[in-house]
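Encoded as structure tokens, the structure appears first; notes follow it.
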Amino acid sequence: MPTTPTIDVLIVGAGPTGTALAIDLARRGLSFRLIDKEPTAFGGSRAKGIQPRTLEVFDGLGVLLDVLNRGGPYPKMGIHRGPLTSPWRMIEKGNPGPDVPHPDTLLIPQNSTIRVLHERLGTFGAQVELGTELIEFATDATGITAQLSTSRGAEELTARYIVGADGGSSRVRKMAGIKFEGTTDEADRMLIVDAAVDGDLSRNYWHVWPGARGRFVGACPLPHSELFQWMIRLAPDENPPSTAAEINEKVRSLTGNKKLFLRDINWQSIFRPNIRLAENYRRGRVFLAGDAAHVHTPAGAQGLNTGVGDAYNLGWKLGQVLAGAPDALLDTYETERRPIAAHVLGLSTKKFAAIGTLDPKSARRGKDEKQLLLTYHGGPLASPTTEQTNTLRTGDRAPDAQLVTADGAPIRLFDVYRGPHFTAIAYGSKIAAVLDELQWPTGGAHLKRLHITQRPTKDDTHNLESLTDPTGNFTRTYGLTQDTLLLVRPDGYIAHIATHDALKTTNTVVNTMTPGPPA
2 MPTTPTIDVL IVGAGPTGTA LAIDLARRGL SFRLIDKEPT AFGGSRAKGI QPRTLEVFDG
62 LGVLLDVLNR GGPYPKMGIH RGPLTSPWRM IEKGNPGPDV PHPDTLLIPQ NSTIRVLHER
122 LGTFGAQVEL GTELIEFATD ATGITAQLST SRGAEELTAR YIVGADGGSS RVRKMAGIKF
182 EGTTDEADRM LIVDAAVDGD LSRNYWHVWP GARGRFVGAC PLPHSELFQW MIRLAPDENP
242 PSTAAEINEK VRSLTGNKKL FLRDINWQSI FRPNIRLAEN YRRGRVFLAG DAAHVHTPAG
302 AQGLNTGVGD AYNLGWKLGQ VLAGAPDALL DTYETERRPI AAHVLGLSTK KFAAIGTLDP
362 KSARRGKDEK QLLLTYHGGP LASPTTEQTN TLRTGDRAPD AQLVTADGAP IRLFDVYRGP
422 HFTAIAYGSK IAAVLDELQW PTGGAHLKRL HITQRPTKDD THNLESLTDP TGNFTRTYGL
482 TQDTLLLVRP DGYIAHIATH DALKTTNTVV NTMTPGPPA
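In the working numbering, each residue carries its 1-based index in the sequence shown increased by 1.
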């Protein structure tokens, strides 16, 4: 049986979560393999909503423009009641601003999202190994040994860590013996079908035909295609239609529209509401991410987005520990992300219960679903003893802001954050001197240092990139009233805020997340 040199990370599952993690590891220069047992990439629409926070993550990973180009805005719902169609906006529109450049949920089928991520991975010279299945693995003090089945035959692989991003039926989770607690409602089923339709059905609406006892038919137009995602909620004892003829008969019966004819069925699946959460996200050298760690109802478009958030949290921590940072940093992955999933599970479950009622108060999607308000307050990397500003605490998402370079060119703060590095911001000349003294290890993620002032300064004594905030947008958004040092993690969350004794307190925080003491 052939063997290969030990790699840093084996990622099992090449959906959005696994591929986002692979991209993050690739740009850190880590060695990994991304495998998926399926012979081809997933081809259905399934998770079709990308939330504003995930768009920010995609910006950081360098795929935002491609995702935006292949997606589109969510249309209003068109509620059909007999001959009448009532428009209703289920998803709250946001207002773009300096701090939130992408305020709205993007409609894009999952297969398009996966395609963009796979293409981005290819720019690093890496690729998904389709048709490659994890058979079993064993762990020891130094890593894992995995047995794979590939198109070339059996293979043994060794890695320092393994990440299960292989869905709700995760083999990694089962082999690790991690409990997956929750429920599956076998009586509540929904047929999902991607298909084009004849019959003059407008693509300006997400069509819904309500039925009795919470049953309904829905048809959401998928951007840049002829396809709709059709959703048919089935009765508890009903045999689901499977053939094109049976599906068409069901659609016509429930909609009352005999002119509709579904054709070119691209994908179909039976959905059952799973509500489950893994007991652990880490067990030694084994990690879970995405649906392998948490499965949700589809309401509110939370599952894929939470999984990508998992990957973005885990990637930089793996990179730092592999470079020599304390192993305890990896424990913070579960401590930070599991409460997020528990919260989102509750939210999506509540929204799913409202499906079929179309009650505006309970079914509308708003700020909670957009994931911009999720924080790591109270977590192990957000000590309550650190300082805070008028608007931000340690553990908050670092907002965007509009600034100006030393050459007078406009620049967004997210442009500075983009990449695998940490960012330290000195606001004020006194704190700039402190930041200039801050030493940073040569291993692991590097540190980008900024000095932000309200107006241009001739002070060139500091080895910092200089930006100005002429409109006060950054100052207001970040709630700054005095000289302040902010440390922003690679995943865009605030790691530290300091106004007093800044050098000492920042060094203490740095030592928890970097390879050894600063050099």
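The C-beta atom is built at its ideal place from N, Cα and C for all residues, glycine as well.
Sheet register partners of residue i (DSSP bridge)
i, result
"residue 296", "277"
"residue 282", "Partner(s): none; residue 282 has no beta bridge."
"residue 466", "451"
"residue 527", "With the chain running from 2 to 520 in the structure shown, residue 527 is simply not present."
"residue 73", "108"
"residue 50", "108"
Helix, strand or coil at residue i [DSSP, three-state]
i, result
"residue 485", "strand"
"residue 225", "coil"
"residue 443", "coil"
"residue 514", "helix"
"residue 262", "strand"
"residue 338", "helix"
"residue 267", "strand"
"residue 9", "strand"
"residue 66", "helix"
"residue 82", "strand"
"residue 504", "helix"
"residue 438", "helix"
"residue 347", "helix"
"residue 155", "strand"
"residue 433", "helix"
"residue 150", "strand"
"residue 254", "helix"
Candidates the options, of which the one nearest residue i by Cα
i, options, result
"residue 309", "95, 152, 162, 168", "168"
"residue 40", "46, 474, 15", "15"
"residue 347", "369, 418, 334, 214", "369"
"residue 445", "513, 455, 95", "513"
"residue 19", "114, 151, 94, 284", "114"
"residue 200", "212, 227, 216", "227"
"residue 144", "163, 292, 486", "163"
"residue 457", "503, 442, 405, 231", "405"
"residue 381", "414, 334, 372", "334"
"residue 126", "31, 105, 323", "31"
"residue 213", "282, 255, 9", "255"
"residue 304", "152, 395, 50", "50"
"residue 284", "270, 173, 239, 118", "173"
"residue 147", "166, 176, 128, 170", "176"
"residue 372", "390, 338, 403, 250", "338"
"residue 375", "388, 390, 340, 497", "340"
"residue 490", "484, 473, 417", "417"
"residue 89", "205, 471, 155", "205"
"residue 118", "400, 69, 319", "69"
"residue 495", "425, 454, 440, 451", "425"
"residue 178", "190, 165, 393", "165"
Span of the alpha helix (DSSP H) around residue i
i, result
"residue 475", "474-478"
"residue 59", "53-62"
"residue 17", "17-28"
"residue 322", "304-323"
Endpoints, beta strand (DSSP E) assigned at residue i
i, result
"residue 496", "495-499"
"residue 424", "423-428"
"residue 38", "Counting along the chain, residue 38 falls outside any beta strand (DSSP E), and DSSP gives it neither H nor E."
"residue 602", "There is no way to answer for residue 602, as the model of the chain reaches only from 2 to 520."
C-beta neighbour in chain D for residue i, strict 8 Å
i, result
"residue 335", "Protein chains in the displayed structure number just one, and chain D is not present."
Taking only runs of the alpha helix (DSSP H) that begin and end inside the region 159-246, which ones reach a length of at least 4 residues, in chain order? Those alpha helix (DSSP H) runs which fall completely within the region 159-246 and span 4+ residues are 172-177.
Give, in chain order, every unbroken run of the beta strand (DSSP E) that is at least 3 residues long and sits entirely within the region 104-142. 129-131, 134-140
Please go through the region 359-421 and give each complete alpha helix (DSSP H) segment of 4 or more residues, from N-terminal end onward. 361-364, 414-418
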